[in-house]
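Inspection log for the structure reproduced underneath, given as structure tokens.
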Ligand SMILES: NC(=O)c1ccc[n+]([C@@H]2O[C@H](COP(=O)([O-])OP(=O)(O)OC[C@H]3O[C@@H](n4cnc5c(N)ncnc54)[C@H](O)[C@@H]3O)[C@@H](O)[C@H]2O)c1
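Numbering (this note's numbering), first residue to last: 2 to 305.
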């Protein structure tokens with residue numbers, strides 16, 4: 002069993018990963034500044050440090066004390082529109098913060114670094130959908146760029162310090178604990194509004210598409226990679242496009258909401274259509290997105 006340091010472990014995705022690591026008998030240490038995460042998400046068996054990854058000294062101190070074998074790095078500002086409006090905070094956390102975590106990990110000789118990159122925002126608007134990992138990375142937002150820079154730093158520090166890495170490019174992940182107050186996480190946002198009888202807003206005409214993968218499938222990939230696969234970039238996609246309109250309809254069905262959406266102009270910097278291929282994940286990890294969108298939305302709404 003390993004000691005795993007998880008950044009962002011009070012947030013949506015990494016809190017689920019932490020729960021599963023602990024269930025499997027691993028020891029978990031969390032760093033999170035609670036910017037968008039919540040204390041209620043933190044597993045009671047994890048050791049929690051309320052700290053900011055932008056603080057080099059704090060990060061180094063925690064790493065020297067805890068000496069983790071594996072780092073699973075999820076702390077980030079994960080909002081495309083926010084990054085377009087005011088890019089510097091996104092770079093400070095997602096680029097400089099990631100550098101602090103990498104250097105601290107190198108100092109204590111970690112064995113593996115797992116990273117949550119993005120498939121939805123790194124490829125820009127690809128010609129071919131679903132996009133595979135060979136698709137050129139041409140991000141349209143500072144958020145997408147910050148993740149690409151993070152990937153490059155991981156490869157660099159892997160060479161410098163000799164640790165292995167696994168970079169996951171996530172699709173649109175959804176499920177319980179996703180923050181309905183954020184700008185991402187359309188199922189949580191729609192579901193939250195519909196439950197309160199309010200009309201959700203769709204940016205564009207409803208035909209914009211995304212690749213939706215349920216949280217349990219994403220957690221599963223983060224488990225498999227503890228034992229399998231090193232030094233790769235892997236999309237965790239279903240390969241399927243789902244439109245905003247379809248997400249609206251499925252969420253309305255799960256909530257039993259009768260209202261209609263409000264349509265608003267599309268937002269700049271957001272891609273129009275995207276889905277990412279899961280073929281490499283299947284080949285290298287034996288991973289596949291198993292939960293269909295209708296079932297995943299039902300499960301999400303039940304816990305909202
Ligand atoms: N949700 C998705 O669909 C999706 C898609 C692609 C990639 N990702 C990536 O997955 C990761 C987790 O996303 P999420 O949806 O769970 O978001 P989230 O906002 O719920 O989680 C991010 C966590 O990082 C913490 N954090 C932010 N800045 C920090 C800092 N400076 N120091 C310490 N902690 C900090 C937050 O408090 C929060 O708990 C992010 O890196 C995100 O970019 C998510």
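Built from N, CA and C at the ideal position, the CB exists for glycine as well.
Run the proximity test for residue 27: is its beta-carbon closer than 7 Å to any non-hydrogen atom belonging to ligand 1? The answer is no for residue 27.
Please specify which runs of the alpha helix (DSSP H), each continuous and at least 4 residues long, are wholly inside the stretch 87-130, giving them in chain order. 88-92, 99-108
Have a look at 123, 141, 146 and flag the residue whose alpha-carbon is nearest the alpha-carbon of residue 134. Relative to residue 134, the option among 123, 141, 146 whose CA is nearest is 123.
Going by C-alpha distance, which of 37, 41, 61 is nearest residue 6? 61
Quick check on the burial criterion: 16 or more other C-beta atoms within 10 angstroms. Buried or exposed for residue 157? exposed
In the DSSP assignment, what are the bridge partners of residue 243? 211
Residue 75 to residue 99 span [Cα, whole Å]: Using only the alpha carbons, I get a separation of about 9 Å.
Taking 8 Å as the cut-off, decide whether the C-beta atoms of residue 94 and residue 43 are in contact. no
Under 6 Å Cβ to Cβ from residue 59, same chain only, skipping five residues before and after it: list those, please. 52
I'd like the list of long-range same chain contacts for residue 85, defined as Cβ closer than 6 Å, with 5 residues on each side in sequence excluded. 142, 270
Starting from the N-terminal side, write out each stretch of the beta strand (DSSP E) that is 3 residues or longer and does not extend beyond the stretch 139-195. 165-171, 173-175
Could you check the C-alpha separation between residue 27 and residue 8 for me, to the nearest Å? 15 Å
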